[in-house]
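Residue numbering for the sequence shown follows our numbering, beginning at 899 and increasing consecutively.
Using N, Cα and C, we set each Cβ at its ideal position, and we do this for glycine too.
Have a look at the structure below before the remarks.
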Amino acid sequence: MPEAAPPAVYDPVSMIKPRRKITGISAVLLPYLESGEIDRDSLSAHISRTADVGITPAVNMDTGYVNLIDEPTFIEVLKVTQQTLNGGSFVAGAFVSDQPGAEFDAAGYQRKIDLIQSHGGIPVIFQSFGLVEQSPDQIVAAYQTIAANSDRFIGFELTRDLAPFGSVYDLATYEALMEIPQCIGAKHSSFHREPEWERLQLRDAKRPDFKVFTGNDFGIDMIQYGSDYLLGLSTFAPDLFARRDALWAAGDPAFYELNDQLQYLGYFTFRSPSPAYKHSAAQFLHLRGWIKTNKTHPNSPTRPESDIEVLRELGQRLNVTN
């Protein structure tokens, strides 16, 4: 009889944290008009409805085409968000565009951080080639440089399946980031459960106030294990995510059915090519009557028109479309 495999260093079942209040952040879709201009009114309304249900809006993220919009649009989105929330909390992506082999652009990051903080937001530090192509010690030093002129920030690690400049750090590097006081949490987008479980276990042992924000749109139930979330999927239905979160906090078994329905929506809309989920979001929000068109940024990938009827059926199951 072969020897049993050594036990994992973590036990996911024992990590489940029932009746926990979840911190939710939703990456808000940037809507467009037929003219190709951004739809400021619908953007403001969606930011407002997200905040109104107790979920923190995140703007200028991937869902907001942060890698495609120009700086005037980046600033305009910050202004709309600040005016809409009137002092309310929000986060925003700090994205620096570069190329493989580039040096870490500390000045570029600082400019984006300054813009976000001056409008009342908390920066989410997107990765870049110049950041992740360094040695682990240099990566940590780069975040310390970012921290020196930041009140608070959220880190972000993502699989290269989502972005060529992405990287999932080793645990030693992740632990070093947790030791930076200004880093209040980090979004984890490997799309795999094991590395996220490892981060949760490390968080619980080393810095319990640190937020592990799941970015796994294929595993939104990671909140059961102690993750909070910063998701693109939640922009489809912040009202339903807020309801799901409340059910978990109340220990209501209805959580599971609603979570399953939302997860099915995620599996369909985040299928390959995953970046086209933004068009899926526009199609779904248009079906809900929340945005004026289902147009996206012209350089963003699209879904087939036939998806609309599938989304309509999924919306009917969730009681949000006719």
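Just to confirm the assignment, what range does the alpha helix (DSSP H) spanning Glu-935 have? Here residue 935 is taken as the residue at index 37 of the sequence shown, counted from 1. Run containing Glu-935: none; DSSP gives neither H nor E here.
Quick check on Ser-1132: does DSSP put it in helix, strand or coil? Mapped onto the sequence shown, residue 1132 falls at position 234. Ser-1132 falls in the helix class under three-state DSSP.
Would you identify the three-state DSSP class for Asp-1126, choosing helix, strand or coil? Counted from its first residue, the sequence shown places residue 1126 at position 228. Three-state result, Asp-1126: strand.
Which runs of the alpha helix (DSSP H), 4 residues or longer, sit entirely within the segment 946-1034? 969-983, 1004-1016, 1027-1030
To which residues of the same chain is Ala-1084 closer than 6 Å at the C-beta, ignoring the five residues directly before and after it? What you label residue 1084 is simply residue 186 of the sequence shown in a count that begins at 1. Excluding positions up to five away in sequence, the list reads Gly-1053.
Give me the residue from Glu-1203, Arg-1201, Ala-1180 with the minimum Cα distance to Lys-1193. To locate residue 1193, count along the sequence shown from 1; it is residue 295. The shortest C-alpha separation from Lys-1193 is found at Ala-1180.
List the whole-angstrom C-beta distance separating Trp-1146 from Ile-1121, where the pair is believed to meet the contact cut-off of C-beta under 8 Å. Position 248 of the sequence shown, counted from the start, is the residue given in the question as residue 1146. Position 223 of the sequence shown, counted from the start, is the residue given in the question as residue 1121. 7 Å between Cβ atoms; contact.
Taking DSSP as the reference, what is the three-state secondary structure of Ala-925? Position 27 of the sequence shown, counted from the start, is the residue given in the question as residue 925. Looking at Ala-925 - three-state DSSP - the assignment turns out to be strand.
Uninterrupted alpha helix (DSSP H) stretches inside the segment 1048-1080 (no shorter than 4 residues): As far as the segment 1048-1080 is concerned, its whole alpha helix (DSSP H) runs of at least 4 residues are 1069-1076.
Counting along the chain, where does the beta strand (DSSP E) carrying Lys-1109 start and finish? As a working note, residue 1109 is residue 211 in the sequence shown. First-last of the beta strand (DSSP E) with Lys-1109: 1109-1112.
Give every residue of the same chain whose Cβ lies closer than 8 Å to the Cβ of Arg-917, excluding the five residues on either side of it in the sequence, and list them in chain order. Residue numbering aside, residue 917 sits at position 19 when the sequence shown is read from its first letter. These residues qualify, in order along the chain: Trp-1146, Ala-1147, Ala-1148, Gly-1149.
Per-residue DSSP class, three states only, for Ile-920: Mapped onto the sequence shown, residue 920 falls at position 22. Coil.
Alpha carbon to alpha carbon, what distance is there between Thr-1043 and Ile-923? Along the sequence shown, read from residue 1 onward, the residue named residue 923 stands at position 25. Along the sequence shown, read from residue 1 onward, the residue named residue 1043 stands at position 145. The straight-line gap from Cα to Cα measures roughly 25 Å.
Beta-carbon proximity check, Pro-955 vs Thr-979, cutoff 8 Å: In the sequence shown, the residue the question calls residue 955 occupies position 57. In the sequence shown, the residue the question calls residue 979 occupies position 81. In this structure, Thr-979 lies closer than 8 Å to Pro-955 by Cβ.
Nearest-angstrom Cα separation, counted from Arg-1186 out to Ala-1074: Stepping through the sequence shown from its first residue, residue 1074 is reached at position 176. Stepping through the sequence shown from its first residue, residue 1186 is reached at position 288. For Ala-1074 and Arg-1186, the distance between alpha carbons rounds to 43 Å.
Closest by C-alpha distance to Gly-1028, when choosing among His-1184, Gly-952, Ser-995, Ser-1048: As a working note, residue 1028 is residue 130 in the sequence shown. That would be Ser-995, whose Cα lies nearest to the Cα of Gly-1028.
Classify His-1195 as helix, strand or coil using the three-state DSSP reduction. Stepping through the sequence shown from its first residue, residue 1195 is reached at position 297. In the structure shown, His-1195 sits in coil (DSSP, three-state: anything other than H, G, I, E or B).
Proximity of Phe-1063 and Val-1030 at Cβ, strictly below 8 Å: What you label residue 1063 is simply residue 165 of the sequence shown in a count that begins at 1. What you label residue 1030 is simply residue 132 of the sequence shown in a count that begins at 1. Cβ distance < 8 Å, so Phe-1063 and Val-1030 count as in contact.
On the DSSP bridge assignment, give the partners of Gly-1083 in chain order. Position 185 of the sequence shown, counting from 1, holds the residue named residue 1083. Beta-bridge pairing links Gly-1083 to Ile-1052, Lys-1109.
Assigned secondary structure, Pro-854 (DSSP; H/G/I helix, E/B strand, else coil): Look at the range of the chain in this structure, 899 to 1220, and you will see that residue 854 is not part of it.
Asn-1157 - DSSP class collapsed to helix/strand/coil: Taking the first residue of the sequence shown as position 1, residue 1157 is located at position 259. Helix.
Answer with yes or no whether the minimum CB distance from Met-1120 to chain C is below 8 Å. Going by chain labels, chain C is absent from the structure shown, which holds only one protein chain.
In its own chain, which residues sit with a C-beta less than 8 Å from the C-beta of Trp-1095, not counting the 5 before and 5 after it? By one-based count along the sequence shown, residue 1095 stands at place 197. These residues qualify, in order along the chain: Tyr-908, Pro-910, Met-913, Tyr-1123.
Compute the Euclidean distance between the alpha carbons of Ser-1170 and Ala-992, then round it to the nearest angstrom. In the sequence shown, residue 1170 corresponds to position 272, counting from 1. In the sequence shown, residue 992 corresponds to position 94, counting from 1. Cα to Cα, Ser-1170 sits roughly 26 Å from Ala-992.
Would the beta-carbon of Pro-929 fall within 8 Å of that of Ser-946? On the sequence shown, residue 929 is found 31 positions in, with the first residue counted as 1. On the sequence shown, residue 946 is found 48 positions in, with the first residue counted as 1. Their beta carbons are not under 8 Å apart, which means Pro-929 does not touch Ser-946 by this criterion.
Can you give me the start and stop residues for the alpha helix (DSSP H) that Leu-1100 sits inside? By one-based count along the sequence shown, residue 1100 stands at place 202. Counting along the chain, the alpha helix (DSSP H) containing Leu-1100 begins and ends at 1091-1104.
In the structure shown, what three-state DSSP assignment does Gly-1164 receive? Within the sequence shown, the letter at position 266 stands for residue 1164. For Gly-1164, the three-state secondary structure derived from DSSP is helix.
Can Glu-1077 and Val-1066 be called in contact, C-beta distance under 8 Å? Within the sequence shown, numbered from 1, the residue matching residue 1077 stands at position 179. Within the sequence shown, numbered from 1, the residue matching residue 1066 stands at position 168. In terms of Cβ geometry, Glu-1077 and Val-1066 do not form a close pair [threshold 8 Å].
Using three-state DSSP, classify Phe-1182 as helix, strand or coil. The residue given as residue 1182 occupies position 284 in the sequence shown. In the structure shown, Phe-1182 sits in a helix (DSSP, three-state: H, G or I).
Are the CB atoms of Val-951 and Ala-1140 nearer to each other than 8 Å? The residue given as residue 951 occupies position 53 in the sequence shown. The residue given as residue 1140 occupies position 242 in the sequence shown. Less than 8 Å separates the beta-carbon of Val-951 from that of Ala-1140.
In the DSSP assignment, find the unbroken alpha helix (DSSP H) run with Pro-910 in it and report its ends. Residue mapping note: residue 910 aligns to position 12 of the sequence shown, counting from 1. Here the alpha helix (DSSP H) through Pro-910 covers 910-913.
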